[in-house]
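Numbering (this note's numbering), first residue to last: 3 to 156.
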């Protein structure tokens with residue numbers, strides 16, 4: 003399937019599947035991450051507090067409050083940019099839950115998408131899941147409830 007240290011399958015059909023999954027991670031799961039982070043109060047609170055600290059641990063409490071408020075307002079006002087709105091919320095959340103179910107079933111059988119070693123598509127999923135399963139409270143709770151193997155995989 004792979005030769006050497008490559009992270010993309012060599013077989014054309016597997017390469018196509020790989021590319022679709024990697025694109026799904028980069029383009030669709032990003033919508034879920036942004037939606038959960040800036041739609042639910044617990045997620046907004048955590049992200050608004052922690053994201054500014056990732057940039058500058060040494061800022062004063064007053065500066066942190068100002069930066070947190072700026073980030074919260076800006077990101078919430080941009081939910082529409084990623085397509086998160088009243089008409090799409092249910093579809094985004096149902097899609098994330100379907101993904102969790104499918105991924106949990108997959109990692110029960112094998113450690114990575116294409117077998118025993120990670121591909122670039124695994125890395126793409128992992129990047130989104132560090133936030134969805136590892137940082138934001140609402141999607142993390144869903145992951146723990148519906149897909150504990152995925153939580154452990156991250």
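Just so you know, even glycine gets a beta-carbon here, dropped at the ideal spot from N, CA and C.
Please read these numbers as outputs of a predicted model, since none were measured by experiment.
Coarse secondary structure for residue 6, derived from DSSP in three states: Translated into the one-based positions of the chain shown, residue 6 becomes position 4. Residue 6: coil per DSSP, three-state reduction.
Short Cβ contact (9 Å threshold) for residue 49 with residue 106: Here the question's residue 49 lines up with position 47 in the chain shown. Here the question's residue 106 lines up with position 104 in the chain shown. Not a contact, by the Cβ cut-off of 9 Å.
Extent of the continuous alpha helix (DSSP H) run through residue 75: Counting from one through the chain shown, the residue named residue 75 turns up at place 73. It spans 63-79 - the alpha helix (DSSP H) in which residue 75 sits, taken as one unbroken run.
Beta-bridge partners of residue 114, as assigned by DSSP: Numbered from 1 along the chain shown, position 112 holds the residue referred to as residue 114. DSSP lists 117 as partners of residue 114.
Counted within 10 angstroms of its Cβ, other Cβ atoms place residue 132 as buried (16 or more) or exposed: Taking the chain shown and counting its residues from 1, the one referred to as residue 132 is at position 130. Exposed is the call here.
Neighbour-count burial assignment, residue 39, 16 or more Cβ in a 10 Å radius: On the chain shown, residue 39 is found 37 positions in, with the first residue counted as 1. By the neighbour-count rule (16 or more Cβ atoms within 10 Å), residue 39 is buried.
Coarse secondary structure for residue 99, derived from DSSP in three states: On the chain shown, residue 99 is found 97 positions in, with the first residue counted as 1. Helix, per DSSP.
Contact between the stretch 53-67 and the stretch 103-119 (3+ Cβ pairs under 8 Å): no
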